Each structure stands twice: as structure tokens, then as C-alpha cells.
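Those protein sequence lines, which keep their order, are chains A and B.
Position in the first sequence (from 1) plus 4 gives the number in the numbering used here.
Position in the second sequence (from 1) plus 7 gives the number in the numbering used here.
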Amino acid sequence: MGYPAEHLFTTINIILFYFLLPQGGFLWINTEPLVYGGGPIPSIIEATNLKKTFGRITAVDGISFAVKKGEVFGFLGPNGAGKTSTMKIIACVSPRTSGALRVFGMDPDISPAEIKQRLGVVPQETNLDPDFTCYGNLFTYSRYFDMPSDVAQKKAEELLEFVQLREKRDVTVEKLSGGMKRRLILARALVNNPDLLILDEPTIGLDPQARHLIWERLKLLQAQGNTIVLTTHYLDEAARLCDRLVIMDNGKIHVEGSPAELVKEYVGNEIVEIEKTAEVLSCLEGEHIPFEIIGDTVQIATESSREVARILFDHCSPHKVLTRPATLEDVFLKLTGRKLRE
Amino acid sequence: MYHIWSMPRITRRAWKVWHRNLVVFFRTWQVNFFPPLIEAFLYLFAIGMGIGTYVKDIDGTPYINFIAPAILAISVMNSAFFECTYGSYVRMYYQKSFDAMIATPLSIEDVIAGELLWGATRSVMYVIIMLPVLAAFGVISIPASLLAIPLAFLGGLMFAGIAMCFTAITPSIDTLNYPSFLLITPMALFSGTFFPITLLPVLFQYFALALLPLTHLVAIMRMLTLPAFSWTILLHLAWIVIVTSVFCVVAINLMRKRLIV
Ligand SMILES: Nc1ncnc2c1ncn2[C@@H]1O[C@H](COP(=O)(O)OP(=O)(O)OP(=O)(O)O)[C@@H](O)[C@H]1O
Ligand SMILES: [Mg+2]
Chain A
5 MGYPAEHLFT TINIILFYFL LPQGGFLWIN TEPLVYGGGP IPSIIEATNL
55 KKTFGRITAV DGISFAVKKG EVFGFLGPNG AGKTSTMKII ACVSPRTSGA
105 LRVFGMDPDI SPAEIKQRLG VVPQETNLDP DFTCYGNLFT YSRYFDMPSD
155 VAQKKAEELL EFVQLREKRD VTVEKLSGGM KRRLILARAL VNNPDLLILD
205 EPTIGLDPQA RHLIWERLKL LQAQGNTIVL TTHYLDEAAR LCDRLVIMDN
255 GKIHVEGSPA ELVKEYVGNE IVEIEKTAEV LSCLEGEHIP FEIIGDTVQI
305 ATESSREVAR ILFDHCSPHK VLTRPATLED VFLKLTGRKL RE
Chain B
8 MYHIWSMPRI TRRAWKVWHR NLVVFFRTWQ VNFFPPLIEA FLYLFAIGMG
58 IGTYVKDIDG TPYINFIAPA ILAISVMNSA FFECTYGSYV RMYYQKSFDA
108 MIATPLSIED VIAGELLWGA TRSVMYVIIM LPVLAAFGVI SIPASLLAIP
158 LAFLGGLMFA GIAMCFTAIT PSIDTLNYPS FLLITPMALF SGTFFPITLL
208 PVLFQYFALA LLPLTHLVAI MRMLTLPAFS WTILLHLAWI VIVTSVFCVV
258 AINLMRKRLI V
């Protein structure tokens, strides 16, 4: 499954982050070895046939997956697919209905406190404590993890810097913008130096700058040996961050793989888009080129856009032709359909 | 599986929730410090100078001395009850504090236990602030009345447990008005507070003794502040301990049922 290549990549990443970047390791450094000598990489999360029902609604319908140490694992899927339900089960805040689950080799039903001690969670719904300032939120939260007061203080300051909220240190959270709250929540998830981060739409509502900041931070955390599980609706984000991801729909996992693999397997290399006209349609049918109609454009997925473009220009006299690389979004829409979820 | 009689597994971490509330409380201590003080004065002036001039004494006890323990007991009830209804509901529903806490090593049992302990602590604080005022006016006797402080904790825990049961089942914050008007207000009037329970019809006396928690708290409180101890204090204490345990256990289980889905 491409382990060696991944190893190499992680190793290069580590080298980059530790030696080339000035801020490399300015937070904490995980002392556990990052690369295991040849043996299989241990699974941080192992789920088999995981199921969650709410009354008659089946939110998670028998999914199985394994998240390896040090990887960024993504859950994609339309609204109501069951991503948040899955995150809550892993985070030990919602019990599974059936199936087997191990987090750090432990069962959430049996040792929730031990697991949670090593988790950092960013929930989908912001739940910062409005009775405290930014600093107060971080400090209070670290006390729940039994951290000594002096360590907690230092950590809180460090994390405010990490998410660039130092100026807002003494501001109550109600006075933060939505994006700032999101950043503070990420900082809060890090107070206990977690080994596993569970991020449910971490960048929702962030501006492009903040999103890039978070991406950079997450990459840094990964380089330090953290394992990250995240959900997102931004497919460019998933493509950029995730080593592997699954696409869920109706509580089931449809596909699993690395972003590049999935694009290649389900869509192809490139997409050619043309304006939809009767001429073009009949011409494409005549040339036996498979296509898909989306609104008023026609999309052709192909290995070679030049080939298709040439045929089009030679035979179909199109008005406008656009070629672009295929993306995860194409895979997503292909697999989950274009209909809006209620 | 869990049911409402399951024995909750509470750890020492419950104190962290308690501590969080304590920190918030002391940050706004000016707001929290004055109500008990003012309430003590209001009762003393209204009842002492008003009603007290007509009702001289009850069974040989000056009227103001008769109601002083009731003032304390009602304060114990109110502070724990309102803390664990409106206060806890706001933290649970609007602030999502419990959701944030159970993502840490704290369990829901720890969180609710912490809230209950905090409710009881509010009662203790109220009593601690009121005691010197009442003592200064000479309407309670010191040092026996100092026992009102530990009693406030026990009584507070009882009302916190009762309150938390309502919080666990209330559909919205507005419906919390029902227990306060239908239970707390009548209880404050008919539990041997402002007149002896023996003035009530016999049937109602039994009802009050069997079912109104405040009756027992007032009875013990009065024994402490007059002071006039009798062996029946043990019966009242036993009643409170049993009811407190039952409601606290049920409250935690109901909350777990509401929040852990
Ligand atoms: N507490 C709950 N009670 C009842 N049904 C629920 C509850 N939580 C989730 N559901 C249902 O479970 C299904 C999956 O919800 P979930 O929140 O896991 O979706 P999601 O993939 O996170 O969606 P989104 O992208 O909108 O966040 C939905 O049909 C939802 O209505
Ligand atoms: Mg969700």
C-alpha cells in the first residue's frame, strides 16, 4: 500500500520541519520514534463495522477503517453523511451502537478517560467558555487535563502565539470573530499535547489567510508525530492535507484512498469543459466520447485533454473549451451525486 | 446498561468542574456577595419591625428568632435550586460547557457531580454571609448556629439534586419556571417557616413532613439557631440524607440520558 514511499515522504517532511524551518519544534517534540524500523505502522484508530443509530435514523452504517500513526486521515461527505457522528464516537463523547472500536488500542466504552487524556478535539459546533477570556479558556481547559498550573500557564501563552491570537489574550471570547473563535478552539485542542487530533470542520468560516495558517500548523503538528483525523467540506483542503481519506454518504464509506489515487481512479487526469449546445452534444455522441452534462456545460473526463480538445476543434466547432486538471471535487460529485442533501 | 438507578462512577475530577464555577463566581464576587447581605437585612426589617410588632412570640420564642432559621433554610434552598436549574441549564444548553468538558478526561458523571457540589457550595456561601448579620442582630445564638454551615452543604446538595432532575428533563429554560412557582414558592411558605407547621390541618402536616424537603431543613436549622436540640434531629437528618442520595443519583443518570446520545 505504498508504505515505503510514505515513509520517505514523512522523513523528508521531518527533516524539512526540524532543520530548515526556524520555528521547527518550537512547540513540543514528541519523543516517540516517528519511523518504525520496518514493522507495520501501528494503528491509532481501528474501527470495524462501526454503527450508530439515533432511534430510527442510522447515522453511521457499519463502517470500517484504520488510521495509522502520523497520518492525516480525512472524512468527506455531504451534509448528514455521518461524519460528525463518527468523530464523536472516536472522541468518546458518544457511545457506538455496535461494532468494534479501538483508539490507542483501548476501547472507548471501557477506558474513555485514558483515551481522552491523549486526544485533542475541535468540535463542529464551537463551544468555547463565554465566562472566560481567550487565555482563560486555554488555562481552564488544561486544568481539566490535570496539568500543573505553571505548565498550563506557559502552554496557554505558547498556544495563543501559535494561532496568532496574542493581541486577543484578555478579550472575552464573545468579542472574537467567528474565525478567531475557530483558531482558539484549535489552540484549545492542543493544550494537552495530544497524540491524536480529531478536527470536525476545523476551518469552517475562516478567511483564506487563517485557513492557510491552520493548514501550516496542522502540517507542523503532523511533522511532530501527531495523528490527525479531520472532516471538511473544502475539497482543496482535503487534497492538500490528507494522506488518506474516505468519502462517506448515508452512513457508509464509499471509497478510501489517497487524494491523488482517488482522482486518478474515479475521474482521470483532466477535465475538458465545453458550452452545452445541441451541436456539441450530437458531435460528441458521434465521436463516441463519454460526457456528462452539468447545468449548461458539458464535462469530459479524460487522460489527455489535448486529444479531446483536438477532436472537438476538428469536428464540433465549439465556442469555448476549457481544460483543467481533475480534482477531488470531481470525484466527490461523481460519487455522491449533485443533488442537494436536505 | 445505564438506568436511572445506576450507581454513577464519580471521580475526583468532579472538583475541577466545581473549581471552574468557583473561579467564575469570584470574578464577579461583588455581584454575588450583596444579594445574601441585602436579603438578610430585608427580612430582618420587614419581618422584625413589621410583622414582629404584631406577632410578639411563638411558643415563647421571639418571632424574629423564630423566623431567622427559616430565612437561612430558604436561602439554602433558593441558592442551590436556582444555581442548578437556571445556572446549570445555561451552562449546559446555551454555553455548551458540558459538551466541552466531556471531551476532556472528565465524564458526564464528573461534570454533573461537580455542578451539584457547586450548587451546595453556593448555599454554604449564602449562609456564611448571612450568619454574621443575623448574629449581629442577636436573633441567632452563636456558636451553635455555626453548625448551620455544614448543614447548608447537606441541604444545598439536596436541593441541587432536586433541581438537577428538573434541569435534566426540562424541554426549555421557560419550563423551569414551573418547579420554581409550583414547588419552591409554596414550600418556602408552608414548611414551618413563618408559622409553625402545627397550625396546618393534620393531613397537611403529614404531607409536609413526608414530602416537603424544606420542612426538615427548617426543623434542623431551628434546633441549631435557637438552640433547642432534640433527638428528632436524627430523623430529620436521616430523611435529608436519603432524599439527597436518591435525587443526586437520579439527577446524574437523567443528565447522562439527556446528554450522552
Ligand atoms: N443527536 C442526534 N439525534 C438524532 N439524530 C442525529 C443526531 N445527531 C445526528 N443525527 C442524524 O445523524 C445523521 C448524520 O449526522 P452527522 O451530524 O453525523 O452528519 P455530518 O456528516 O457531520 O453532516 P454535516 O456535514 O452537515 O456536518 C443525520 O441524519 C442527522 O440528522
Ligand atoms: Mg458534521
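The beta-carbon is built from N, C-alpha and C at its ideal position, and this holds for glycine as well.
The structure displayed is predicted, hence computed values, not measured ones.
message = Please return the same chain residues whose Cβ sits closer than 6 Å to the Cβ of Pro127 (chain A), not counting the five positions on each side in sequence.
response = Asp204
ask   = Is it buried or exposed for Trp25 (chain B), if we count other Cβ within 10 angstroms and need 16 for buried?
value = buried
inquiry  = Once the 5 residues before and after Thr177 (chain B) are set aside, which same chain residues still bring their CB inside 6 Å of it?
reply    = Leu183
query = Glu178 (chain A) CB to nearest chain B CB: under 8 Å?
reply = no
inquiry  = In whole angstroms, give me the CA-to-CA distance for Arg314 (chain A) and Val284 (chain A).
reply    = 14 Å
request  = With distances taken Cα to Cα, identify the nearest neighbour of Pro298 (chain A) among A:His323, A:Glu277 and A:Ser286.
outcome  = Inspection of the sequence shows that residue 298 (chain A) is occupied by Ile rather than by Pro. Among A:His323, A:Glu277 and A:Ser286, the Cα nearest to that of Ile298 (chain A) belongs to A:Glu277.
inquiry  = What ranges does the alpha helix (DSSP H) occupy inside the segment 198-236 of chain A, keeping only unbroken runs of at least 4 residues that lie completely in it?
reply    = 212-227
task = Tell me whether Lys87 (chain A) counts as near ligand 2, meaning its Cβ is closer than 7 Å to at least one heavy atom of that ligand.
result = yes
ask   = Should Ile58 (chain B) be labelled buried (16 or more other beta-carbon atoms within 10 Å of its own) or exposed?
value = exposed
ask   = Just to check, is the beta-carbon of Asp253 (chain A) closer than 7 Å to a non-hydrogen atom of ligand 2?
value = no
query = Thinking C-beta only, is Leu163 (chain A) closer than 8 Å to Leu180 (chain A)?
reply = no
task = Examine ligand 3 and report whether any of its heavy atoms sits within less than 7 Å of the Cβ of Gly81 (chain A).
result = Judged by which ligands are present, ligand 3 is missing from the structure shown, whose ligands are ligand 1 and ligand 2.
message = In the DSSP assignment, the beta strand (DSSP E) including Val334 (chain A) goes from what residue to what residue?
response = Residue identity differs from the one stated: residue 334 (chain A) is Asp in this sequence, not Val. That residue, Asp334 (chain A), is in no beta strand (DSSP E); its alpha helix (DSSP H) goes Leu332 to Thr340.
task = Using a Cβ cut-off of 7 Å, pull out every chain C residue sitting near Arg27 (chain B), in sequence order please.
result = This model lacks chain C altogether; the protein chains it does include are A and B.
query = Which residues, in chain order, does the segment 114-135 of chain B contribute to contact with chain A at a C-beta distance below 7 Å?
reply = Ser114
message = Taking 8 Å as the threshold (beta carbon to beta carbon), is Arg147 (chain A) in contact with chain B?
response = yes
task = Return the Cβ separation of Ile71 (chain B) and Val146 (chain B) in integer angstroms, given the expectation that the two are a contact with Cβ distance under 8 Å.
result = 5 Å
ask   = Any heavy atom of ligand 2 closer than 7 Å to the CB of Asp106 (chain B)?
value = no
inquiry  = Whole angstroms are fine: how far does the CA of Val175 (chain A) sit from the CA of Val125 (chain A)?
reply    = 23 Å
request  = Locate the beta strand (DSSP E) running through Glu296 (chain A), then write down its first and last residues.
outcome  = Glu296 to Ile298
ask   = What do you get for Ala245 (chain B), buried or exposed, if any count of 16 or more other CB atoms within 10 angstroms of its CB means buried?
value = exposed
task = Specify the secondary structure class of Phe222 (chain B) as computed by DSSP and reduced to three states.
result = At residue 222 (chain B) the sequence reads Thr, which differs from the Phe that was named. Looking at Thr222 (chain B) - three-state DSSP - the assignment turns out to be helix.
inquiry  = For Leu218 (chain B) and Leu266 (chain B), I'd like the C-alpha separation in whole angstroms.
reply    = 29 Å
query = When the distance is taken between beta carbons, is Lys73 (chain A) closer than 8 Å to Ile48 (chain A)?
reply = yes
ask   = Where does Ile35 (chain B) land, buried or exposed, given buried means 16+ other C-beta within 10 angstroms?
value = Checking the sequence, you will find Thr at residue 35 (chain B) rather than Ile. By the 10 Å Cβ count, Thr35 (chain B) comes out exposed.
request  = Check whether the Cβ of Ala63 (chain A) sits closer than 7 Å to any heavy atom of ligand 1, and report yes or no.
outcome  = yes
ask   = What is the residue span of the beta strand (DSSP E) that Ala305 (chain A) lies within?
value = Thr301 to Thr306
message = Nearer than 7 Å: is that true of the beta carbon of Gly261 (chain A) relative to any heavy atom of ligand 1?
response = no
ask   = Can you find a CB in chain A that lies within less than 8 Å of the CB of Ser104 (chain B)?
value = yes
ask   = Could you give the C-beta distance for Leu158 (chain B) and Met228 (chain B), rounded to a whole number, given that I count them as a contact under 8 Å?
value = 6 Å
message = For the alpha helix (DSSP H) containing His243 (chain B), name the first residue and the last one.
response = Thr239 to Leu266
Residue range of the unbroken beta strand (DSSP E) whose run includes Ala70 (chain A) = Ile61 to Lys72
inquiry  = Assuming contact is defined by CB atoms lying nearer than 8 Å, are Lys23 (chain B) and Arg122 (chain A) in contact in what I supplied?
reply    = no
query = Where Gly183 (chain A) and Asn131 (chain A) are concerned, what is the direct C-alpha to C-alpha distance, given to the nearest angstrom?
reply = 13 Å
ask   = Taking C-beta to C-beta, are Ser82 (chain B) and Thr174 (chain B) nearer than 8 Å?
value = no
query = Nearest chain A C-beta to Met137 (chain B) closer than 8 Å, yes or no?
reply = no
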